[in-house]
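Residue numbers (my numbering), protein chains in the order written: chain A, 1120 to 1233; chain B, 80 to 192.
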C-alpha cells in the first residue's frame, strides 16, 4: 500500500541553524501539506502546496519557513533560522486529485531545537 | 470559541465495550469530517471520512455526523486493546483537494484487558 515517507525521523539542531525536512508523498497525489504538532498539543496546519506553488498558509508559516518540490518526488520544508519554539513533530501529508479531501500522513520528523 | 472541540480524555474502557468519541465545531463552512487514529509519537492514520449528515459504517467503526447540531461522533464496537490510541477528529471546508484540515485536540483511549 502506498504511503508517505519522511526523513529524517529525528533531528536535533542548535537555535539559529537551518533545517530541511524531507517528504516523499504518495506518487499519484497532487496536493501536499505540512503540519506540526507541539508535544501535548493538537495538530496544526502550516501550509498547502499545489501545482508548484503555495495554495494556503497559516500564521505560523512566516518568512522563516519555505517549501519546495525540487523534483517529481520530494517535498521539503525549510526552516531558515530555527527557534526553540520550533521544536515539534512535523508531519507531511498528501491528497489525490480525485476530489477526495482525505489526506494521508507520514510518520513525522521530530525536531528538537536546543 | 474554538473551531473544533474534543474532550481530551483520557478515556479508559474494558475490552469489548462500545466506545463513543465526539467532537463539536463552530464553523458552518466545514463540509468534510474525518477521524484519524494516532499512536504515540506516530503520524495520524486515516480511519474514516464522511460528508453528509448521517452514519457511515466500516467494520467495528461507525462515524456519525449531525450538521444541524455541528456534532460528530465515532463509535467503536467490541473495543480491543489494540484500539488504544489517541483519536483525532479533523474537518475541512472546501470540496476537492488542496484544503487544510482543522483538528481537534484528540481523545486518548485506553482499552483494558
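Each residue gets a CB set at the ideal place from its N, CA and C atoms; glycine is no exception.
Since the model is a prediction, treat every value here as computed from it, not as a measurement.
Nearest-angstrom Cα separation, counted from residue j out to residue i
{"i": "residue 1140/A", "j": "residue 1226/A", "result": "12 Å"}
{"i": "residue 150/B", "j": "residue 186/B", "result": "15 Å"}
{"i": "residue 1184/A", "j": "residue 136/B", "result": "40 Å"}
{"i": "residue 1137/A", "j": "residue 1181/A", "result": "14 Å"}
{"i": "residue 112/B", "j": "residue 1177/A", "result": "20 Å"}
{"i": "residue 178/B", "j": "residue 1167/A", "result": "7 Å"}
{"i": "residue 145/B", "j": "residue 134/B", "result": "9 Å"}
{"i": "residue 1224/A", "j": "residue 127/B", "result": "14 Å"}
{"i": "residue 1156/A", "j": "residue 120/B", "result": "10 Å"}
{"i": "residue 1173/A", "j": "residue 191/B", "result": "45 Å"}
{"i": "residue 1206/A", "j": "residue 1150/A", "result": "25 Å"}
{"i": "residue 1200/A", "j": "residue 1233/A", "result": "12 Å"}
Identity of the residue in the options nearest residue i by Cα
{"i": "residue 107/B", "options": "162/B, 153/B, 147/B", "result": "147/B"}
{"i": "residue 1125/A", "options": "1186/A, 1143/A, 1131/A", "result": "1143/A"}
{"i": "residue 153/B", "options": "102/B, 191/B, 88/B", "result": "102/B"}
{"i": "residue 188/B", "options": "133/B, 110/B, 81/B, 94/B", "result": "94/B"}
{"i": "residue 181/B", "options": "114/B, 163/B, 160/B", "result": "114/B"}
{"i": "residue 1215/A", "options": "1152/A, 1207/A, 1157/A", "result": "1152/A"}
{"i": "residue 1208/A", "options": "1147/A, 1228/A, 1148/A, 1189/A", "result": "1228/A"}
{"i": "residue 98/B", "options": "164/B, 171/B, 169/B, 130/B", "result": "164/B"}
{"i": "residue 1203/A", "options": "1131/A, 1187/A, 1195/A", "result": "1131/A"}
{"i": "residue 1135/A", "options": "1198/A, 1222/A, 1213/A, 1211/A", "result": "1198/A"}
{"i": "residue 1170/A", "options": "1121/A, 1120/A, 1213/A, 1161/A", "result": "1213/A"}
{"i": "residue 138/B", "options": "172/B, 83/B, 158/B", "result": "158/B"}
Residue i classed as buried or exposed, judged by whether at least 16 other C-beta atoms fall within 10 angstroms
{"i": "residue 1163/A", "result": "buried"}
{"i": "residue 183/B", "result": "buried"}
{"i": "residue 1231/A", "result": "exposed"}
{"i": "residue 1129/A", "result": "exposed"}
{"i": "residue 123/B", "result": "buried"}
{"i": "residue 1220/A", "result": "buried"}
{"i": "residue 118/B", "result": "exposed"}
{"i": "residue 156/B", "result": "exposed"}
{"i": "residue 85/B", "result": "buried"}
{"i": "residue 1190/A", "result": "exposed"}
{"i": "residue 1192/A", "result": "exposed"}
{"i": "residue 91/B", "result": "exposed"}
For residue j and residue i, believed in contact at Cβ under 8 Å, the rounded distance
{"i": "residue 1165/A", "j": "residue 1179/A", "result": "6 Å"}
- Task: Just list the alpha helix (DSSP H) runs in the stretch 1124-1203 of chain A, keeping only unbroken ones of 4 residues or longer that don't cross its boundaries, in chain order.
- Result: none
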